[in-house]
Amino acid sequence: MSVKRVSPEEAKALMESEGYVYLDVRSIPEFEAGHPAGAYNIPIAHMTSGGMRPNAGFLAEVATVFAKDAKLVVGCKMGGRSLRAAQALTQIGYENVVDQRAGFDGARDPFGQLQEPGWQRVGFDVALEAAPGRSYDELVGSRKDG
7 MSVKRVSPEE AKALMESEGY VYLDVRSIPE FEAGHPAGAY NIPIAHMTSG
57 GMRPNAGFLA EVATVFAKDA KLVVGCKMGG RSLRAAQALT QIGYENVVDQ
107 RAGFDGARDP FGQLQEPGWQ RVGFDVALEA APGRSYDELV GSRKDG
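If you're matching positions, the sequence shown starts at 7 in my numbering and goes up one per residue.
Next up, the structure:
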């Protein structure tokens with residue numbers, strides 16, 4: 007099953023009119039530096055001193071927070087991690103998952119040139135503080151991996 011990839015504008019419309027929620031799969035420090043207002047944070051990878059380390063508990067953590075029929079817009083920084091996360095979620099039975107293809111910052115080509123502006127660059131609402139109950143620590147608590 008292929009994952010539908012949507013623009014920031016399409017993602018926002020799904021959230022406003024169809025009840026989708028934004029699942030930000032960036033690392034905790036990236037999320038804390040700014041994220042779509044109201045987003046949930048469950049990282050697909052954790053930032054460590056040695057670089058990014060896959061979050062082995064990602065799928066189980068999402069399943070603890072969201073039912074399989076949840077409507078999810080999955081986003082990251084530029085679209086790569088969110089696509090992998092969305093594909094993994096559909097493989098375990100999530101049916102209402104879309105990938106916000108430009109991420110928070112924007113999709114870039116291999117040379118670093120901006121190809122499509124992301125959530126923040128489009129000018130949509132950005133928050134620095136997580137909404138109550140939506141930070142990674144609040145969502146998974148002591149089960150977190152890193």
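We put the CB at the ideal spot given by N, CA and C, even for glycine.
{"Item": "Cβ-Cβ distance between Lys10 and Asp105 below 9 Å", "Value": "yes"}
{"Item": "Terminal residues of the alpha helix (DSSP H) in which Gly86 lies", "Value": "86-97"}
{"Item": "Buried or exposed (CB count within 10 angstroms, at least 16 for buried), Ser148", "Value": "Note that Ser148 scores 48 on pLDDT, short of 50, meaning its location in the model is unreliable; the coordinates nonetheless yield the value given after this. Classification of Ser148: exposed, given that the 10 Å Cβ count is below 16."}
{"Item": "Run of the beta strand (DSSP E) containing Tyr28, from where it starts to where it stops", "Value": "27-30"}
{"Item": "Which listed residue (Ala76, Leu20, His41, Lys83) has its alpha carbon closest to that of Ala136", "Value": "His41"}
{"Item": "Contact set for Phe64: own chain, Cβ-Cβ below 6 Å, skip 5 residues either direction", "Value": "Ile50"}
{"Item": "Helix, strand or coil at Glu101 according to DSSP, with G and I counted as helix", "Value": "coil"}
{"Item": "DSSP three-state assignment for Glu122, whether helix, strand or coil", "Value": "strand"}
{"Item": "Given Val12 as reference, the closest of Gly44, Phe110, Gly139 once Cα atoms are compared", "Value": "Phe110"}
{"Item": "Whole-number beta carbon distance between Trp125 and Pro35, since they are thought to touch under 8 Å", "Value": "Contact doesn't hold; Cβ gap of about 17 Å is too wide."}
{"Item": "CA nearest to the CA of Gly44, picked from Tyr28, Asn61, Met53", "Value": "Tyr28"}
{"Item": "The region 56-73 contacting the region 88-108, beta-carbon criterion three pairs below 8 Å", "Value": "yes"}
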